[in-house]
Amino acid sequence: EPAGADAGQLVSALAVVLSVHCSRAAGGRGCDSMGRTLFHAAREPAVGVSDYLERIRRRLRCSKECLVMALVYLDRIAEADAEVAISNLTVHRLLLTAILVASKFQDDNGFDNARYAKVGGIGLAELNALERDFCQRVGWRLHVEPEQYGWYCDLVSMAAPAA
Numbered sequence: 001e002p003a004g005a006d007a008g009q010l011v012s013a014l015a016v017v018l019s020v021h022c023s024r025a026a027g028g029r030g031c032d033s034m035g036r037t038l039f040h041a042a043r044e045p046a047v048g049v050s051d052y053l054e055r056i057r058r059r060l061r062c063s064k065e066c067l068v069m070a071l072v073y074l075d076r077i078a079e080a081d082a083e084v085a086i087s088n089l090t091v092h093r094l095l096l097t098a099i100l101v102a103s104k105f106q107d108d109n110g111f112d113n114a115r116y117a118k119v120g121g122i123g124l125a126e127l128n129a130l131e132r133d134f135c136q137r138v139g140w141r142l143h144v145e146p147e148q149y150g151w152y153c154d155l156v157s158m159a160a161p162a163a
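In terms of full-length UniProt numbering, the numbers along the sequence shown are unbroken and rise by one, the last being 163.
Shown next as structure tokens:
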């Protein structure tokens with residue numbers, strides 16, 4: 001578990017990590033023009049990553065472990081397919097989908113995709129397609145080794161604001 005961070009600190013830390021990804025994409029060769037995927041929004045969402053993540057965490061009761069695993073999955077999809085770089089146009093859909101997949105794998109919290117779609121602000125059919133595409137792009141590699149999980153906890157702890 002991320003070095004004693006409470007859920008709010010964890011959300012803040014994840015938002016920082018994701019913002020760094022988005023900044024890198026914006027400063028790069030225009031990652032959003034490299035390709036259009038299901039994860040690309042037509043325009044940048046009005047709600048910021050931190051607020052979106054907090055809404056998901058609160059309304060879907062995501063565990064800290066689920067949030068850390070979602071970050072692992074986000075890195076896996078970015079490594080597996082450059083077309084799906086984490087950017088201002090992809091981060092919201094990628095985040096929602098990664099949390100959905102991590103929750104199903106880790107938390108077994110009982111919420112269905114319709115609830116995730118509603119909280120995430122997208123349609124159910126779209127979320128189902130995103131989930132399928134996400135899992136295929138990561139090669140259905142959803143297990144996270146304890147060592148890798150610990151490394152990501154350390155990363156998040158370094159990004160977490162002081163209490």
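By construction, the Cβ of each residue, glycine as well, lies at the ideal position given by its N, Cα and C atoms.
Could you check how far apart the C-beta atoms of residue i and residue j are, in whole angstroms? I think they sit under 8 Å.
i: residue 167; j: tyrosine 116; result: Nothing about residue 167 can be read from this structure; the chain reaches only from 1 to 163.
i: arginine 137; j: aspartate 75; result: The pair is not a contact, with the Cβ atoms about 12 Å apart (cut-off 8 Å).
i: arginine 57; j: valine 20; result: The Cβ separation is near 20 Å, so there is no contact.
Note down the Cα distance separating residue i from residue j, rounded to an integer number of angstroms.
i: aspartate 133; j: glutamine 9; result: 30 Å
i: cysteine 22; j: glycine 110; result: 31 Å
i: glutamate 79; j: valine 17; result: 16 Å
i: serine 157; j: valine 72; result: 14 Å
i: alanine 13; j: glycine 139; result: 27 Å
i: serine 103; j: leucine 142; result: 11 Å
i: alanine 125; j: leucine 94; result: 15 Å
i: asparagine 113; j: leucine 96; result: 11 Å
i: glycine 30; j: glutamate 131; result: Low confidence applies to glycine 30: its pLDDT is 45, below 50, so where it sits in the model is not reliable, and the reading given next is rough at best. Those two C-alpha atoms are separated by around 25 Å.
Under three-state DSSP, which class holds residue i?
i: aspartate 32; result: Bear in mind that the predicted position of aspartate 32 carries a pLDDT of just 44, short of 50, making it unreliable; the figure below should be weighed with that in mind. Looking at aspartate 32 - three-state DSSP - the assignment turns out to be helix.
i: isoleucine 86; result: coil
i: phenylalanine 39; result: coil
i: isoleucine 99; result: helix
i: serine 157; result: helix
i: aspartate 47; result: Note that residue 47 is valine in the sequence shown, not aspartate. Reduced to three states, the DSSP call for valine 47 is coil.
i: histidine 92; result: helix
Check whether chain B comes within 8 Å of residue i, counting only Cβ atoms and requiring the distance to be less than that.
i: isoleucine 56; result: Going by chain labels, chain B is absent from the structure shown, which holds only one protein chain.
**Message:** Would the region 65-75 count as touching the region 119-127 if we require 3 or more Cβ pairs under 8 Å?
**Reply:** no
**Asked** Taking one C-beta from the region 87-98 and one from the region 41-48 each time, how about it: are there three or more such pairs within less than 8 Å?
**Response** yes
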